[in-house]
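Residues in the sequence shown are numbered consecutively from 57, following the numbering used here.
Quick reminder that beta carbons are idealized off the backbone N, C-alpha and C, glycines included.
Below you'll find the structure, written out as structure tokens, and then a few comments.
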Amino acid sequence: MTDGRVADGRVAAGRIAPGAGWRRPVEAVRRRLLREINSTVHGADLHLERYDRPVGDPGLFGPASVVWRVHAHPAGMLVGGFAALMLQSLHPVAMRAVAEHSDYRTDPVGRLHRTARFVSTTTLGSSAAAEAAIAGVRRIHGHVRGRDAEGRPYRADDPDLLCWVHTAEAACFLAGYQVFAGHGRLSGPERDDYLAEVAQIGQLLGADGVPVSRAGLARYLAGVRGALRATPEALEAVALLRDFGRTRRERLAVRVLTNAAVGLLPGWARRGLGIHRPWAVRRLWDRPLARLLGAVMVWACGLSPIRAAATARAAGTPTARAGAARG
């Protein structure tokens with residue numbers, strides 16, 4: 057070549073082209089962070105077979121949906137997910153069912169993996185995989201029975217209870233996305249679209265009266281608020297959540313994200329849980345710090361293997377598994 061360069065971008069005489077020297081270690085850091093994030097949130101096996109086939113299947117929602125857009129944001133989903141767990145804990149019956157029938161105390165990592173897997177599968181998985189995940193949860197719910205603190209019987213498949221769990225989760229996922237998406241925030245009509253789309257999951261799980269708009273969400277929360285309170289079980293669960301992590305680095309990241317999650321909660325929920333963080337701390341310290349961590353997560357995740365496989369499947373690309381492996 058007349059300018060002394062060779063085809064692979066390196067200059068003659070062994071000199072490295074500008075920028076090539078730092079790209080490789082930076083990419084190595086990105087891949088390491090991606091592996092750590094996937095391992096923490098999803099576990100060692102991403103179960104890509106749930107996402108890469110059958111070719112041409114859009115799943116429950118498809119790439120053009122608002123649900124794909126919201127649920128693809130790693131920081132928004134983690135912070136929103138932590139906020140959802142805090143908010144859900146305020147329902148005494150829901151919290152009693154979790155306390156009596158869940159292994160979140162003894163296996164919090166496994167609990168996180170199963171929850172993340174369900175959300176990912178119902179959002180991005182094939183239609184068959186999503187329907188199977190929902191059917192599996194319904195089977196489990198069918199065996200969960202007990203009595204609340206007043207001795208009244210409860211069932212995990214109660215439609216009203218399912219509506220609470222779904223609505224608290226959807227509201228917090230949406231709030232997390234709006235805080236961390238920057239210029240990608242949803243418009244008012246798009247927020248309504250998200251609630252209407254994601255309501256399908258709650259309905260398929262057996263929930264009744266799921267809100268499908270911002271106005272419906274506001275009415276629902278106002279109506280259910282009188283039944284909410286922080287039980288000792290709720291306070292214990294929130295304390296365990298905020299201390300979650302297998303390593304010091306994980307615990308630090310979780311504390312940053314859960315502090316930001318507190319800022320997503322309504323004031324009455326924070327007060328009920330006894331979490332007193334002044335407005336200035338939440339807005340001037342917690343949120344900026346979480347946004348910084350979130351930006352690192354977004355950079356590290358890029359197009360995740362799961363999203364890559366689902367996108368290729370929906371687009372009709374038969375080599376989805378190979379494309380996902382490169383993520």
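Residues near residue i by beta carbon distance below 7 Å, same chain, minus five either side
i	result
Val-294	Met-142, Ser-145, Leu-329
Arg-106	Thr-177, Gly-181, Ser-182, Ala-185
Arg-311	Arg-298
Asn-94	Leu-102
Asp-64	Residue placement at Asp-64 is flagged as unreliable, the pLDDT there being 41, under the threshold of 50; the coordinate-derived value follows with that caveat. The answer is none, since no qualifying residue turns up.
Gln-234	Arg-241, Leu-242
Trp-355	Arg-86
Val-302	According to the sequence shown, residue 302 is Arg rather than Val. Here the set comprises Val-165.
Arg-204	Note that residue 204 is Asp in the sequence shown here, rather than Arg. Closer than 7 Å at Cβ, skipping near neighbours: Pro-148, Val-149, Arg-152, Tyr-210.
Gly-263	Residue identity differs from the one stated: residue 263 is Ala in this sequence, not Gly. Here the set comprises Pro-215, Leu-218, Cys-219, His-222.
Arg-377	Interpretation of Arg-377 is limited by its pLDDT of 49, a score under 50 that renders its predicted location unreliable; the figure taken from the coordinates is listed afterwards. Excluding residues within five positions, the ones whose Cβ falls inside 7 Å are Leu-104, Asp-108, Ala-365.
Thr-179	Phe-117, Val-123, Trp-124, His-127
For residue j and residue i, the rounded distance between their alpha carbons
i	j	result
Gly-118	Asp-108	13 Å
Leu-345	Ala-140	20 Å
His-127	Ala-231	12 Å
Pro-398	Ala-212	Lying before the first or after the last residue shown, residue 398 is absent from the chain, which here runs from 57 to 383.
Ala-131	Leu-359	14 Å
Arg-285	Ala-325	9 Å
Pro-215	Arg-87	42 Å
His-332	Leu-321	12 Å
Thr-96	Ala-283	34 Å
His-199	Ala-364	36 Å
Glu-187	Arg-79	42 Å
Gln-256	Met-133	18 Å
His-129	Glu-206	40 Å
Arg-382	Thr-373	Low per-residue confidence applies at Arg-382: pLDDT is 38, beneath 50, and the placement is therefore not dependable, though the value from the model is reported in the following sentence. Their backbone Cα atoms lie some 15 Å apart in a straight line.
Asp-248	Val-254	10 Å
Met-353	Ala-172	16 Å
Integer Cβ distance of residue i from residue j, believed to fall under 8 Å
i	j	result
Gly-99	His-147	Not a contact, Cβ separation roughly 28 Å.
Leu-251	Arg-270	7 Å
Leu-90	Cys-357	6 Å
Val-384	Trp-220	Any property of residue 384 remains undetermined from this structure, which presents the chain solely from 57 to 383.
Leu-261	Val-193	6 Å
Gly-112	Glu-156	Actually they do not touch by this definition, with Cβ atoms about 43 Å apart.
Ala-309	Phe-138	Their Cβ separation, rounded to whole angstroms, is 11 Å, which puts Ala-309 and Phe-138 out of contact at 8 Å.
Phe-236	Val-135	7 Å
Arg-338	Gly-323	In fact, because the Cβ distance is near 11 Å, the residues do not count as touching under 8 Å.
Pro-209	Leu-296	Not confirmed; about 27 Å, so no contact.
Val-122	Glu-225	Contact doesn't hold; Cβ gap of about 15 Å is too wide.
According to DSSP, residues forming a beta bridge with residue i
i	result
Arg-203	Pro-209
With 16 other Cβ atoms within 10 Å as the buried cut-off, status of residue i
i	result
Ala-150	buried
Trp-124	buried
Leu-313	buried
Gly-350	buried
Ile-388	Because the chain in this structure spans residues 57 to 383, residue 388 falls outside the shown range and cannot be described.
Ala-2	Residue 2 is absent from the structure shown; the chain starts at 57 and stops at 383.
Gly-258	buried
Arg-304	exposed
Pro-334	exposed
Arg-327	exposed
Pro-267	buried
Thr-367	buried
C-beta neighbour in chain C for residue i, strict 7 Å
i	result
Ala-371	The structure shown contains no chain C, having only a single protein chain.
Neighbourhood of residue i by C-beta, 8 Å cutoff - its chain only, sequence neighbours within 5 removed
i	result
Ala-227	Ala-140, Leu-143, Leu-273, Leu-277
Gly-244	Arg-270
Arg-167	Ser-158, Asp-159, Tyr-160
Arg-307	Asp-299, Phe-300, Gly-301
Other residues of its chain near residue i: CB distance less than 6 Å, five sequence neighbours each side excluded
i	result
Phe-174	Ala-189
Pro-114	Ala-370
Proximity test, residue i beta-carbon vs the ligand GDP heavy atom, cut-off 6 Å
i	result
Gly-279	The ligand GDP is not part of the structure shown, which contains no ligands of any sort.
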